[in-house]
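In the UniProt record's numbering, the protein residues as written are 1 to 300.
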């Protein structure tokens, strides 16, 4: 009996130790680079240290919570450093990790995709709110028993129930405000849908074309990562399958299709540009026939 109790105690200590040492980053150089970026942000927002960064000093944070918070702080735009407090971002982190644990597909999402496409609290230039927590609590019952693909399709049905299309000219509304008005333009619908997907632990991103070939207009929609592959869908425009949308024809003639990913991305997709906050990635080759052309420019 005593031997059994000793075995149980040893296993408990071992599991706790393993959990404490969990990490999103597989080498020290990445951690050091992240730490340096956070220190730079602390200097920039030194006047708000107590409201913003003191949350990192909380001894109750798990290693994953602290790393996720550090990742958000490292690439955070100045407006968010100035306007929101650390507890707001900690809540975002905890609900993203909660979704990762709760939904059966959560642990199947690679760490880098989780950091760039589930964890981020921002999709575009929308006002921020606590939609992640609200959406998680509502969606977790609705998605019970579904696989990852079925869940993504069902979430888009849920989004359609909440929001319909209407042209607007204001700054992109927050997801909860979009529910209150029950309408939004394509940029708001796609922001809303990406937020809902992320609340359920499904990697999602907003795809944008600044100008169609056939009209002086733009459009935005959503891509979701399902079981190792990106698929597109019309935001709040449910279809019976993935990779279906009214825009798929015009997209084959588009001049530019891209998305802005939170943080610095190291992956196979073509990178247009990188700044201190996000990486702009070109996804045109996923929708249209493309080829690389070299142009030599000479003096006239």
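Even for Gly, the Cβ is constructed at its ideal location relative to N, Cα and C. Being a predicted model, the structure only gives us computed values, none of them experimental.
Tell me the rounded alpha-carbon separation between residue i and residue j.
i: residue 110; j: residue 104; result: 14 Å
i: residue 129; j: residue 296; result: 48 Å
i: residue 192; j: residue 260; result: 16 Å
i: residue 112; j: residue 300; result: 47 Å
i: residue 282; j: residue 270; result: 5 Å
i: residue 38; j: residue 73; result: 6 Å
i: residue 240; j: residue 153; result: 7 Å
i: residue 155; j: residue 32; result: 38 Å
i: residue 237; j: residue 245; result: 8 Å
i: residue 204; j: residue 298; result: 42 Å
i: residue 307; j: residue 53; result: No statement about residue 307 is possible, as the shown extent of the chain runs from 1 to 300 and does not include it.
i: residue 166; j: residue 173; result: 13 Å
i: residue 101; j: residue 108; result: 10 Å
i: residue 234; j: residue 25; result: 33 Å
i: residue 289; j: residue 182; result: 37 Å
i: residue 66; j: residue 56; result: 6 Å
i: residue 84; j: residue 293; result: 45 Å
i: residue 71; j: residue 22; result: 15 Å
i: residue 13; j: residue 180; result: No answer about residue 13 holds up, because its pLDDT of 45 lies below 50 and its placement is not dependable.
i: residue 232; j: residue 82; result: 34 Å
i: residue 160; j: residue 120; result: 23 Å
i: residue 60; j: residue 88; result: 16 Å
i: residue 92; j: residue 133; result: 8 Å
i: residue 291; j: residue 94; result: 43 Å
i: residue 143; j: residue 99; result: 12 Å
i: residue 220; j: residue 206; result: 7 Å
i: residue 170; j: residue 28; result: 44 Å
i: residue 217; j: residue 62; result: 46 Å
Closest to residue i by C-alpha separation, out of the options, would be which residue?
i: residue 127; options: 52, 207, 156 and 176; result: 176
i: residue 140; options: 260, 35, 197 and 26; result: 197
i: residue 202; options: 230, 63 and 254; result: 230
i: residue 178; options: 53, 131 and 54; result: 131
i: residue 254; options: 287, 24 and 143; result: 287
i: residue 250; options: 208, 62 and 262; result: 208
i: residue 215; options: 166, 27, 247 and 173; result: 247
i: residue 138; options: 121, 187 and 200; result: 200
i: residue 266; options: 256, 150, 188 and 279; result: 279
i: residue 285; options: 26, 268 and 276; result: 268
i: residue 125; options: 98, 97 and 195; result: 195
i: residue 64; options: 90, 49 and 277; result: 90
i: residue 68; options: 96, 50 and 58; result: 96
i: residue 226; options: 98, 114 and 27; result: 114
i: residue 163; options: 145, 146 and 184; result: 184
i: residue 44; options: 106, 186 and 77; result: 77
So who's on the other strand from residue i, going by DSSP bridges?
i: residue 205; result: 223
i: residue 231; result: 224
i: residue 135; result: BP columns for residue 135 are empty, so no partner.
i: residue 244; result: 233
i: residue 165; result: 184
For the beta strand (DSSP E) that contains residue i, what are its first and last residues?
i: residue 296; result: That residue, residue 296, is in no beta strand (DSSP E); it is neither H nor E in DSSP.
i: residue 177; result: Residue 177 -> not in any beta strand (DSSP E); alpha helix (DSSP H) instead, spanning 175-181.
i: residue 270; result: 270-274
Between which two residues does the alpha helix (DSSP H) carrying residue i extend?
i: residue 88; result: 86-102
i: residue 158; result: 148-162
i: residue 66; result: 63-74
i: residue 194; result: 186-199
i: residue 29; result: 28-44
i: residue 259; result: It is not in any alpha helix (DSSP H) - residue 259 instead sits in the beta strand (DSSP E) that spans 258-262.
i: residue 280; result: No alpha helix (DSSP H) contains residue 280, which is instead part of the beta strand (DSSP E) from 278-282.
i: residue 114; result: 111-117
i: residue 49; result: 49-52
i: residue 82; result: 78-83
Assign residue i to one of two classes, buried (16 or more other C-beta atoms within 10 Å of its C-beta) or exposed (fewer than that).
i: residue 75; result: buried
i: residue 79; result: exposed
i: residue 304; result: With the chain represented from 1 up to 300, any question about residue 304 goes unanswered, as that position is not in the structure.
i: residue 222; result: buried
i: residue 36; result: exposed
i: residue 86; result: buried
i: residue 8; result: Reliability of the predicted coordinates at residue 8 is poor, the pLDDT of 47 falling under 50, and the value obtained from them is presented with this limitation in mind. Exposed.
i: residue 40; result: exposed
i: residue 213; result: exposed
i: residue 17; result: With a pLDDT of 44 at residue 17, under the threshold of 50, the modelled position of this residue cannot be trusted; read the value that follows with caution. Burial call: exposed.
i: residue 150; result: exposed
Is it the case that the CB of residue i approaches a heavy atom of the ligand PLP more closely than 6 Å?
i: residue 232; result: Here there are no bound small molecules, and the ligand PLP is not part of this structure.
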